[in-house]
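K.L.:
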Amino acid sequence: MRKMLLAVVCTVSFGIVQAQTVPTVHSDIPAVTDVPTVTSNKASFYEQIPLVNDVINYAKEHLSVRYRSGGTTTRGFDCSGFTRFCFNKFGISLPHSSAAQGSVGEAIDKEAAQPGDLILFKGHSSGGSRIGHVGLITEVIGDQVKFIHSAWNGGVRYDYLNASYYQRRFMGVRRVAHLLAEK
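According to mature numbering (1 follows the signal peptide of the UniProt record, and there is no 0), the stretch in the sequence shown is residues -19 to -1, 1 to 164, in order.
1) Out of G51, G109, D140, F66, state which residue places its alpha-carbon closest to the alpha-carbon of T119.
2) Which residue spans inside the region 66 to 94 form an unbroken beta strand (DSSP E) run of at least 3?
3) Between the Cα of S61 and those of L75, K70, T55, F71, spot the shortest distance and give me the residue it belongs to.
4) Apart from the five residues on each side of it in sequence, which residues of its chain come closer than 6 Å, Cβ to Cβ, to H130?
5) My understanding is that V157 touches V85, with C-beta atoms under 8 Å, so please give their C-beta distance in whole angstroms.
6) Report back the beta-carbon spacing between G136 and V36 to the nearest angstrom; my notes put them in contact at under 8 Å.
7) If you run the structure through DSSP and keep just helix, strand and coil, what is H114?
8) Does DSSP put F102 in a helix, a strand or coil?
9) Which partner residues of E120 appear in the DSSP bridge assignment?
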C-alpha cells in the first residue's frame, strides 16, 4: 500500500513540475518588440471623476452585510439605505427610498451606463410599474453591467443586469456622479 501511495505521489509531483516548467524560447522564433496598445478618445470615467472609484471601493467594503428592511447602517441595509450610506460617506445626500432615488440625477440610456451610476428596478413583481429596488453600478464591460446592492436574499452582494430576474425588472439608470464632481 505504501509503495502504491509513494508511486502516486511521485507521479503527481512529476506532473506538477512538468506543468510548471516554462518552455524555452528558441532563437529561430522572432521576438515581439512592439506591443500594440488600445487607446480611446474618451478618458476613463474614474479619471474624469476620481471620487466615483472611492464610492465603489467603499461599497465593496460592505459586501456580505445582511439585508435589513429600512436598514441604513452596517448592522443591515435595505437597497436604498445602502446606496444612500455609500454616497453619504462622500458628502452626497440621497433620499431613503428607491423610488425617490429614481428621480435624482440624470436619466441615462442603459448602453451609456458607467460605474457610479444608480441602477433601478421594479420591486418583487416584474409586472409592476414602480421603482422598488436600487443598486450601484460597479463595472461595465461591453453590454455586461455589474452592480452591487443590498438584496433581501443575501444582503450586500454583486449581480449582473443580464440575469433574467433583473432584466425583467429593469427600470433605468440614473447618473449622480456629477454630484460627486461638484465636491
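Beta carbons are placed, not taken as given, at the ideal position from N, Cα and C, and that holds for glycine.
P.N.:
With the structure as the only source:
1) D140
2) 87 to 89
3) Measuring from the Cα of S61, the nearest candidate turns out to be L75.
4) The residues C60, G116, in chain order, have a CB closer than 6 Å to that of H130 in the same chain once the five nearest residues on each side in sequence are set aside.
5) 6 Å
6) So it is not a contact: roughly 19 Å between Cβ atoms.
7) strand
8) Here F102 sits in strand by DSSP.
9) K127
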